[in-house]
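Following: one structure in structure tokens, then a few remarks.
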Amino acid sequence: MSTRTATIGSSVGLHARPASIFAAAAGETGLDITIALGDGEAVDAASILEVMTLGAKNGDVVTLSAEGEGADEALAKLVELLETDLDA
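Residues 1244 to 1331 (the numbering used here) are what the sequence shown spells out, left to right.
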């Protein structure tokens, strides 16, 4: 299993627009990817509703996990996306 951490870069956190962009990108990987805030329960990264329930704010650290071929590359791209201000 591959795991990466990311610091939320969007100025208002993972609300509707950033969560939608992130969830779509996670779904496009074809991998089962989870995202967790701190020590909280991991949720399906491809589900906009589950991502929004995390309540991740700007500066919060989240953990992404995935298994399968290409997981490291997929997580690296998703970390880059999360660390970008998607509201800009």
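By construction, the Cβ of each residue, glycine as well, lies at the ideal position given by its N, Cα and C atoms.
Outcome for residue i when other beta-carbon atoms lying within 10 angstroms are tallied against a minimum of 16
i, result
"residue 1294", "buried"
"residue 1277", "buried"
"residue 1280", "buried"
Min CB distance residue i to chain B below 9 angstroms
i, result
"residue 1316", "Here chain B cannot be found, since the structure has a single protein chain."
Straight-line gap, residue i to residue j (C-alpha atoms, nearest Å)
i, j, result
"residue 1315", "residue 1298", "25 angstroms"
"residue 1262", "residue 1319", "17 angstroms"
"residue 1245", "residue 1310", "6 angstroms"
"residue 1193", "residue 1271", "Residue 1193 lies beyond the stretch modelled for the chain, which goes from 1244 to 1331, so this question has no answer here."
Integer Cβ distance of residue i from residue j, believed to fall under 8 angstroms
i, j, result
"residue 1321", "residue 1268", "6 angstroms"
"residue 1255", "residue 1330", "6 angstroms"
"residue 1252", "residue 1326", "4 angstroms"
Unbroken beta strand (DSSP E) run spanning residue i, endpoints
i, result
"residue 1280", "1276 to 1280"
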